[in-house]
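2 protein chains.
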Amino acid sequence: MGRWEPNTRERLATAALELYGERGYEQTTVAEIARRAGLTERTFFRHYADKREVLFDGAGTLQELFVNAVAEAPESAAPIDAAAAGLEAVATVFTGRREHARQRHAVIAANAELLERELIKLASLSAAVADALRRRGVAEPAASLTAEAGVAVFKVGFELWIAASEERELSQSMRESLDELRAVIASGGTDGPTPRPRRRSSGRTPGGTSAGF
Amino acid sequence: MGRWEPNTRERLATAALELYGERGYEQTTVAEIARRAGLTERTFFRHYADKREVLFDGAGTLQELFVNAVAEAPESAAPIDAAAAGLEAVATVFTGRREHARQRHAVIAANAELLERELIKLASLSAAVADALRRRGVAEPAASLTAEAGVAVFKVGFELWIAASEERELSQSMRESLDELRAVIASGGTDGPTPRPRRRSSGRTPGGTSAGF
DNA sequence: ATGTTGATGGCAGTCACTGACATCAATAGT
DNA sequence: ACTATTGATGTCAGTGACTGCCATCAACAT
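Residue numbers (the UniProt record's numbering), protein chains in the order written: chain L, 1 to 213; chain Y, 1 to 213.
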């Protein structure tokens, strides 16, 4: 048995998610997180760069998964299909973690600083995917645009999944999101009369990720 | 004549951009910005919510422009074409401000906190555009995806413009970006052999907006 | 002449975050 | 078994972003 309780980082991350959920992000001090984890404030900052980062431990793994899937897609695959392979790969790691994802998503959506951090993680993901596409020989700006589109599909697909019923699988929502993007991009751009948009049927207003700026 | 020098907010914004450029964002204190503007730190925070916000005064106007153009696009226009109208509208306000845009962009790209703030402004823009599209009768998730695509085209188009020669107009870069997105989305998704990506010709590596996370 | 308003200054305080140094169990090396 | 090293943690002092509260004072209205 070690000198200290094990799983320090995980204990901090759990305590933080709990406290952010209970009292809100701003109303929680780092000292409180550390105390709940049985540690001191100074130790918190040795494990996480700042008060926000504690919620984004998995971002690196996610990015790695996405990038590897893009890199390993068949050489014959078009850029957007390589990105789609990345989405499929990423979707698998969320199976069975729906409740955790919901809770974390709610906490992040409730605070602008956390939202900012999430957005820069997604921007980092996009940049990494664009890089992987360039290594596949995709030119600019096609690589960046494909990556941005892929991440947009991820964002929207993720929110569809979170809002959906329990049986729904993330990969399904990702495919639905990608198909919608294809339809929406293909429908415009003609010079003659353009097809009218589909009228909405449900009264739902899902809203974006932004908390209202 | 008033009791104090006029254009307080503008003086603060100018001083901040200068100092962030000269010594870097982190190495600049709010007290220094205020002093250069002939004010005190306390007054800075009466005009700007935080140290980052001082660089984003125009974000509201930009969003308004974009949203209005989307709302006022012909009813017959497809969602993506309404978004394209927003891009055109936004492009006009940057004419003649290229150097300022370059300087500001360089400062933001050099610091993660500023980048985060820019990203949340773009997310807010995306949410507002999605809302405008919904008011046009576009259903979800098509509205959110169109808005995300539009903002992605804006981001990439903007960087193309900044990297391009002096004569280049922003609206040109926006159209180029949108055309590339259309091409990239249309090229994939088939079941049979997919078209091979265009190989890159230039050695340039434009990179994304992210500063390397 | 006087009261009100609005932008500013001054000041004390909280909290995120950092650098420097101390502690001490585990482990390696002898 | 003894000792040196290591590594995660604790302690403490300090900086700077940001806030609340109150004072100031020219402009303006009455």
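Even for Gly, the Cβ is constructed at its ideal location relative to N, Cα and C.
Classify residue i as helix, strand or coil using the three-state DSSP reduction.
i	result
Gly212/L	Interpretation of Gly212/L is limited by its pLDDT of 31, a score under 50 that renders its predicted location unreliable; no figure is taken from the coordinates.
Val93/L	coil
Arg204/Y	Unreliable positioning characterises Arg204/Y in this predicted model, as indicated by a pLDDT of 42, which lies under 50. The coordinate reading is nonetheless provided below. Coil.
Trp4/Y	coil
Thr14/L	helix
Gly38/Y	coil
Thr28/Y	coil
Lys51/Y	coil
Gly188/Y	coil
Gly86/Y	helix
Tyr20/L	helix
Phe158/L	helix
Glu166/Y	coil
Gly144/Y	As written in the sequence, residue 144/Y is Ser, which differs from the Gly given in the question. The answer is helix: DSSP assigns Ser144/Y an H, G or I state.
Ile58/Y	It should be noted that the sequence gives Gly, not Ile, for residue 58/Y. Looking at Gly58/Y - three-state DSSP - the assignment turns out to be coil, as it is neither helix nor strand.
Ala152/Y	helix
Ser171/L	helix
Pro74/Y	coil
Asn68/L	helix
Ala101/L	helix
Ala110/L	coil
Ala132/L	helix
Answer with buried or exposed for residue i, where buried requires no fewer than 16 other C-beta atoms within 10 angstroms of its C-beta.
i	result
Thr28/L	buried
Ala106/Y	exposed
Arg102/Y	exposed
Gly203/Y	For Gly203/Y, the predicted model reports a pLDDT of 40, less than 50, meaning its position is unreliable; a value from the coordinates is still stated below. That one is exposed.
Ala15/Y	buried
Arg117/L	buried
Thr146/L	buried
Asp50/L	exposed
Pro141/L	buried
Val67/Y	buried
Ser177/Y	buried
Trp161/Y	buried
Glu159/L	buried
Ala123/Y	buried
Asp179/L	exposed
Val93/Y	exposed
Ala128/Y	buried
Arg104/Y	buried
Glu41/Y	exposed
Ala163/L	exposed
Pro74/Y	exposed
Arg135/L	exposed
Pro6/L	exposed
Ala112/Y	buried
Measure how close the beta-carbons of residue i and residue j come, nearest whole angstrom, since I'm counting them as under 8 Å.
i	j	result
Glu148/Y	Ser126/Y	6 Å
Ala186/L	Ala186/Y	6 Å
His47/Y	Leu19/Y	No, His47/Y and Leu19/Y are not in contact; Cβ-Cβ is about 16 Å, not under 8 Å.
Ala83/L	Gly150/L	4 Å
Asp57/Y	Arg9/Y	7 Å
Ala69/L	Ala85/L	5 Å
Val138/Y	Leu181/Y	Their Cβ separation, rounded to whole angstroms, is 18 Å, which puts Val138/Y and Leu181/Y out of contact at 8 Å.
Report task. Taking only beta carbons into account, state which residues of the region 98-119 of chain L come closer than 8 Å to chain Y, listed in chain order. Result -> Those would be Ala112, Leu115, Glu116, Arg117, Leu119, in chain order.
Query - Selection of the region 144-168 of chain L by Cβ proximity to chain Y, strictly under 9 Å - result: Those would be Ser144, Leu145, Thr146, Ala147, Glu148, Ala149, Val151, Ala152, Val153, Lys155, Val156, Gly157, Glu159, Leu160, in chain order.
Query raised in the report: Taking any Cβ of chain L, which residues in the region 177-190 of chain Y have a Cβ under 9 Å from it, in chain order?
Result: From the region 177-190 of chain Y, only Ser177, Leu178, Asp179, Glu180, Leu181, Arg182, Ala183, Val184, Ile185, Ala186, Ser187, Gly188, Gly189, Thr190 have a Cβ closer than 9 Å to chain L.
**Report entry** Chain-ordered residues of the UniProt domain "HTH tetR-type" (6-66) of chain L with a beta carbon less than 8 Å from chain Y
**Finding:** Among the residues of the UniProt domain "HTH tetR-type" (6-66) of chain L, none has a Cβ less than 8 Å away from any Cβ of chain Y.
Query raised in the report: Using a beta-carbon distance cut-off of less than 7 Å, what residues from the region 71-82 of chain Y approach chain L?
Result: If the cut-off is 7 Å between Cβ atoms, the region 71-82 of chain Y has Ser76, Ala77, Ala78, Pro79, Ile80, Asp81 near chain L.
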